[in-house]
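Working notes for the structure below.
Residue numbers (the working numbering), protein chains in the order written: chain G, 356 to 665; chain R, -11 to 217.
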């Protein structure tokens, strides 16, 4: 694909109001995997851990994190393996992500710290907080509370064919991995492609995301994410497992749900989650926002988070 | 990348992993028209060095695959093992060999079930046999645990593979959905056979055993039946 010569295509030509690069960057080794860490705020301030969602990266917190840091927190965000600036690995699993998160936490504090997490990251932190309550003081979960997936009303033989198509397409994708590269394009091309998954987010934000989440090759920009990672997929995991983690938690829990439907989100009905909130847990719905609540309404989410953390 | 007669495996590529596929029968000895048998080892095992006695009567060539993190295959950094990733390992072998009868032991039996459902036209019968890693982590999550290991533990097998693949969850209805797919989409009347030697029946296997088009036969009976199909 030819680069668009009409529009400037360098990172310097793109900015977004309130977005700030991290104050510090470093790398943590997790069982030999290089995990990229991005920090905002004074290093001497009390730390908290930010965890992004699937197909995102730490710098998607570029507006929200500085707001929390400005209130006196050291925000420590990390890129999950295969995402952002972290190493691409042979294998991916949520259990491995949780192990990587713990490796990052080990470099911050051995005392319990608050965790703030979006989407898939919210699930990872439910698992971590349940498995290691001695490491987590507060949980802020941003639209990462999946409820039971709606089952389409289809006949069993149709379901078999749908599943078989999904499986063979997943395996076909894996057969082509050795030579897989993400499709190159201009900053605008990548932003437009991302907009299909994030139709509610402003184009200026998506353009900014390209400049921090993609790299510039000779033939154009490419998202940094490992091409072996694929949206959707299948597996034994089911949403109610996350709910059992949620109700187990003994530390303060704040759940924030964006109500507007979104392609990438869980489209959780708050009524499905409410029964699983632990005692004293708080569930807040943001009516005007979708799955990316902290990007659509950063002031609101920052205010809720800071009020909750005291 | 031709299979060598000196025991050098064929190297297959699955993403960033290099997989060792071993040919256990002599190049010229086996009838070329016959379907190959692919053996999938159990958790922590590796491919057998020669054709096992129970497979001696197989008329076609016999191959065995080392899963990721096992035997001669790559031990990746940082773990992240899933049975689904190993299903991709098995698919890499099918891509190289073409249609096969697949026999799996333990963890390999579970992977044989998955690939039989996912590639119903490439798996000409799956035999699920006893072996290490048959149960996995059970049907639903227990109390959670984060696996962290000391660096530089010896392997292969990869210590993270042993830790993670003895905990991977296998809900019965998920396992049954693969058996159903094999039943509905395979050309064989009996696409999946549970070896009756498998006396241990974790919940996923007990549920699969009740699925139509799944039969219980001895290892040798199962192989004899698929050899004729």
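Virtual Cβ for every residue (Gly too), placed ideally from N, Cα, C. If you're wondering where the values come from, they're calculated on a predicted model, not measured in any experiment.
- With a cut-off of 8 angstroms on Cβ pairs, the stretch 422 to 437 of chain G is in contact with the stretch 649 to 662 of chain G, counting three or more such pairs.
- In this structure, the beta-carbon distance from residue 77(R) to residue 56(R) falls below 8 angstroms.
- Straight through space, the alpha carbons of residue 41(R) and residue 445(G) are spaced by roughly 35 angstroms.
- By the neighbour-count criterion, in which 16 or more other beta carbons inside 10 Å mark a residue as buried, residue 114(R) falls on the buried side.
- For residue 385(G), the secondary structure class from DSSP, reduced to helix, strand or coil, is strand.
- For residue 453(G), the closest Cβ of chain R is nearer than 8 angstroms.
- In this structure, the alpha-carbon of residue 490(G) lies about 15 angstroms from that of residue 603(G).
- Exclusion of the five residues before and after residue 22(R) leaves 47 and 48 as the residues of its chain whose Cβ lies within less than 7 angstroms of its Cβ.
- With a contact defined as Cβ atoms closer than 8 angstroms, residue 81(R) and residue 53(R) qualify at about 5 angstroms.
- Taken in chain order, the unbroken stretches of alpha helix (DSSP H) that lie wholly in the stretch 62 to 122 of chain R and span 4 residues or more are 71 to 85 and 95 to 106.
- Here residue 473(G) is bridged, per DSSP, to 497(G).
- Judged by DSSP in its simplified three-state form, residue 379(G) adopts strand.
- According to DSSP, residue 645(G) shares a beta bridge with no other residue.
- The alpha carbon of residue 606(G) has as its nearest neighbour, out of 469(G), 592(G), 392(G) and 577(G), the alpha carbon of 469(G).
- In this model, residue 150(R) and residue 93(R) are separated by some 15 angstroms (Cα to Cα).
- Within the same chain, 609, 610, 611, 612 and 659 come within 8 angstroms of residue 639(G) by CB-CB distance, once the 5 residues on both sides are set aside.
- In this structure, the straight-line span from the alpha carbon of residue 15(R) to that of residue 181(R) is close to 28 angstroms.
- Residue environment: residue 107(R) is assigned as buried (16 or more neighbouring CB atoms within 10 Å of its CB, all protein chains considered).
- In the DSSP assignment, the residues bridged to residue 609(G) are 495(G) and 637(G).
- Around residue 485(G), the same chain offers 600, 603 and 604 as residues with beta carbons nearer than 7 angstroms, after the five sequence neighbours per side are excluded.
- When 542(G), 619(G), 553(G) and 421(G) are compared, the shortest CA-CA separation from residue 366(G) is found for 542(G).
- Residue range 207 to 216 is occupied by the alpha helix (DSSP H) that includes residue 213(R), with no beta strand (DSSP E) assigned at that position.
- Residue 415(G) counts as buried, since at least 16 other C-beta atoms from the protein chains shown sit within 10 angstroms of its C-beta.
- Counting along the chain, the unbroken alpha helix (DSSP H) around residue 566(G) starts and ends at 558 to 568.
- Taking a Cβ-Cβ cut-off of 8 angstroms, residue 195(R) has no neighbours in chain G, whose nearest Cβ is about 13 angstroms from it.
- The C-alpha of residue 592(G) is placed about 17 angstroms away from the C-alpha of residue 123(R).
- Closest option to residue 410(G), judged by alpha-carbon separation, among 589(G), 437(G), 595(G) and 527(G): 437(G).
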